[in-house]
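In what follows, a single structure is set out as structure tokens and then discussed.
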């Protein structure tokens with residue numbers, strides 16, 4: 478299991494909104510139209526769509542990978558997550574990949590032994606617990622971006 482930037486944004490309830498654009502939107506072959514003010518690499522949150530609500534990073538030509546073609550009236554938020562938040566997301570993703578999905582807290586086979594860090598309840602520590610201090614500055618009580 479890996480954690481994505483959108484999942485980390487949802488966990489912290491912080492999408493780093495920079496601007497909100499209300500319009501008649503179209504996704505054609507994954508390309509978001511109108512794309513005025515949007516650039517490849519930008520993070521956006523799509524709201525009001527039937528099939529494509531969510532947080533996405535725009536690809537070349539303002540394409541949203543895996544999007545379903547549709548037209549809708551709604552809001553697209555331009556998001557501006559800081560570089561240190563994106564670096565933290567990469568760190569969380571790498572940590573969760575290393576941890577895997579363990580069914581046992583402790584295992585050993587001959588000379589091999591592995592023990593996961595556990596919390597006070599004896600269960601393996603979750604990524605939310607492990608990164609709680611680093612996530613704290615980004616946490617919000619309420620989110621401005623409604624998805």
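Residue numbers (the working numbering): 478 to 624.
Every residue, glycine too, gets a C-beta built ideally from N, C-alpha and C.
Since the model is a prediction, treat every value here as computed from it, not as a measurement.
In the three-state DSSP reduction, residue 498 falls in the strand class (E or B). Residue state for residue 538 is assigned as helix, using DSSP reduced to three classes.
One Cα belongs to residue 564, the other to residue 547, and the distance between them is close to 33 Å.
Excluding the 5 residues flanking it on each side, residue 485 has same chain C-beta neighbours closer than 7 Å at 566 and 569, in chain order. For the pair residue 539 and residue 589, the Cα-to-Cα distance works out to about 49 Å. From the listed residues 612, 562, 560 and 554, the smallest Cα separation to residue 513 is found for 554. The beta carbon of residue 503 sits closer than 7 Å to the beta carbons of 510 and 548 from its chain, once the five residues preceding and following it are set aside; these are given in chain order.
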